[in-house]
Structure formats: C-alpha cells, structure tokens
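Residue numbers (the numbering used here): 22 to 118.
Beta carbons are placed, not taken as given, at the ideal position from N, Cα and C, and that holds for glycine.
What follows is a short report on a single structure.
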C-alpha cells in the first residue's frame, strides 16, 4: 500500500481518496504501524502468567486497542471514533470475562 510519502511529486500518480481521508484521521500509515507494533511488542514481551492465559478475544482486544492508540498518536487525536473504538473493544473484552 502506498503512503503519501511513497508517491513522488510529479509522478502522475493520484492517491486513492479513501487513503487520503484515512491519512487525515489516522495519520501516516508507516508512523501508525511503527507505533502500533511497538505497543504490541511491549505487551508481548511482558508476558506474565495472566498474559499467557489470555483468550483470543482478550488478546485481540488488546491488539486493537494498541492500534487505536497508535492512530491517536500519529493521526487526529480528536477523532471521536478512535476513542469510541477503544471503549468498544474494552467492552467486548469485558463481555468475554
């Protein structure tokens, strides 16, 4: 997937409008990916007896919350959907308890 920085000026390439919109709210994909992967790495490296027993639902909720945090940090922090999504993933994890 091309990011805005991958398309050289004057190349004649036009960025997909959906990708342009997502970059506005979610930030640069490379930055977002780097932040998200660092958060997930911290979670995985700090394995505790509890972490080793996480269900797929709880592990995925943590991964998705990490992704949403990265979008807040690399994109538009005032995008309400990011915060709603974090609350939603936490609620799904709670329901799985």
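Rounded to whole angstroms, residue 51 and residue 35 show a C-alpha spacing of 19 Å. Here residue 86 is buried, its C-beta having at least 16 other C-beta atoms within 10 Å.
By the C-beta criterion, the region 87-103 is judged to be in contact with the region 39-55, since at least 3 inter-stretch pairs fall below 8 Å.
When the Cα atoms are used, residue 99 and residue 114 turn out to be separated by approximately 24 Å.
When only Cα atoms are considered, residue 44 and residue 77 end up about 29 Å apart. Under the three-state reduction of DSSP output, residue 76 falls in the coil class, being neither helix nor strand.
The shortest CA-to-CA distance from residue 62 to any of 106, 83, 40 is the one to 83.
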